[in-house]
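In terms of our numbering, the sequence shown opens at residue 78 and continues consecutively. For every residue, glycine included, the Cβ atom is placed at its ideal position computed from N, Cα and C. If you're wondering where the values come from, they're calculated on a predicted model, not measured in any experiment. Shown next, in structure tokens, is the structure this report addresses.
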Amino acid sequence: MNHFGRFLARRIVAAVILIFMVMTLNFFVIHLAPGDPATIMTGIEQPSQEVVQALKAKYGLDQPIFVQYIKYISNLFRGDLGYSYVYDQSSWSLIRERIFPTLILTITGSVLAFIIGVYLAIFVSFLKAKFGDTVVSVISYILYATPSFWLGLIMILIFSSKLSWFPTSGMFNLRETYTGFAKIADFIHHLTLPLLTLMLIQMPVFYRVTRASILQNFKEDYVTTLTAVGISRERLFRKYIVKNAIIPPLTIFGITLGFAITGSALIEIVFAWPGMGRLMLDAIFRRDYQLILAIYFLMAIFISIAMILTDIVTAIVDPRISLT
């Protein structure tokens, strides 16, 4: 096995162990949380104990928690994500319908936030524009501190209610029967506002990390040495400083993508985006244990994949990091 194969194998093994630990913790935290799912399932404020016990027996909730845990883990290894108590169908069938909208929103939003945030930091740093840096820094502070749902509501108020440029909700115009490129255009039209909201929330992180990294690199000894031998500032900046400064934002991209997947729930609710966010919150409020765990399991997998890809890209960009 070559160096890359060993590197990838170690990362995958570490990811599997991490996912197992996360799911174990999630299982016990969720099951030990206040609230009885059987009582909630009845839909009655004070149901009879016979009805509650019958529901617990039906879904195995009357068994000891460690027995439920062993059963859950064994089902997980067989690819069974469980059965939703509330929706009365398999968890995977519910998630499958909503996974694409969430992934297209979060991945696209995170990638755009990374590209724009990094390039904005590079542009401001190269021009040495103190006023521009101050303005962008203030805006980034404001955006970073702004709740995503509030920013989403502002977007709807301005671009939907006032200007009527974009739709307020949904993924498609249900009144029309678009096909081909018209359907793709309609999808992009509906995606724009939630995507812009998510991107603006994440972009300040990449801007500030990149900007701080560039300033730190300007203080390094190699910059003084290369300047002394006559290398122009433009070449020094583009060939050396940018290459080194881009590594920190790359390393946090995987973590940021994970936060985007979990944090997009409120954005999905504000824009009625048919992703996993609304499903996850509904499952939490209604104590749908199996559905909650299934969603968290898939999120853990997505985050692990993002972290592995981030490690690979970082090693390619930075030759000091070897794939061993």
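Closest option to Leu153, judged by alpha-carbon separation, among Ala383, Phe97 and Leu273: Phe97. Proximity to Leu197 across Thr301, Arg285, Gly156 and Ile372 peaks at Arg285, based on C-alpha coordinates.
For Met384, the uninterrupted alpha helix (DSSP H) run begins and ends at Tyr366 to Val394, by DSSP.
Rounded to whole angstroms, the Cβ separation of Leu370 and Met100 is 7 Å, and the two are in contact under 8 Å. About 5 Å separates the beta carbons of Phe243 and Phe236, which is inside the 8 Å limit, making them a contact pair. Proximity to Phe374 across Ile94, Leu182, Ile233 and Asp388 peaks at Ile94, based on C-alpha coordinates. Inter-residue distance for Phe379 and Ile308 is about 43 Å (C-alpha atoms, whole angstroms). Distance from Gly186 to Ala91 at the Cβ level is roughly 27 Å; contact not present, criterion being Cβ atoms closer than 8 Å.
Judged by pairs of C-beta atoms under 8 Å, the region 326-346 touches the region 219-234, as three or more such pairs exist. Within the model, the alpha-carbon separation for Leu182 versus Asp359 is close to 20 Å. Contact between Phe330 and Thr387 is confirmed by a C-beta separation of about 5 Å, below the 8 Å threshold. Looking at the DSSP output, Tyr160 shares a beta bridge with Ser167. Straight-line spacing of the CA atoms in Val282 and Gly156 works out to 36 Å.
DSSP places Trp350 outside both helix and strand once states are collapsed to three, so it counts as coil. With a cut-off of 8 Å on Cβ pairs, the region 130-149 is not in contact with the region 290-300, counting fewer than three such pairs. In the structure shown, Met100 falls within a helical segment according to DSSP collapsed to helix, strand and coil. For the pair Ile385 and Ile89, the CB atoms are nearer than the 9 Å cut-off. Using a Cβ distance threshold of 9 Å, Ser202 and Arg288 count as a contacting pair.
Here Glu127 has no same chain residue with a Cβ atom under 8 Å from its own Cβ, once five neighbours each way along the sequence are excluded. DSSP places Ser237 outside any alpha helix (DSSP H), giving it a letter other than H or E. Separation of Ser170 and Leu132 (C-alpha to C-alpha, rounded to the nearest whole angstrom) is 22 Å. A straight-line Cα-Cα distance of about 7 Å links Ile193 and Met280.
Taking the C-beta atoms as reference points, Ile332 is found no nearer than 9 Å to Ser290. Between Asp365 and Ser167, the C-beta gap is not smaller than 9 Å, which leaves the two residues out of contact. Of the other Cβ atoms in all chains shown, fewer than 16 fall within 10 Å of the Cβ of Phe105; this residue is therefore exposed.
Judged by DSSP in its simplified three-state form, Phe249 adopts coil rather than helix or strand. About 15 Å separates the Cβ atoms of Leu277 and Leu234, ruling out a contact at the 8 Å cut-off. In its chain, beyond the 5 residues on either side, Pro244, Gly247, Met248 and Phe249 have a beta carbon closer than 7 Å to the beta carbon of His267. Check the Cα spacing between Arg87 and each of Leu158, Ser381 and Ala115: the tightest is with Ser381.
Collapsing the DSSP output to three states places Gln140 in coil.
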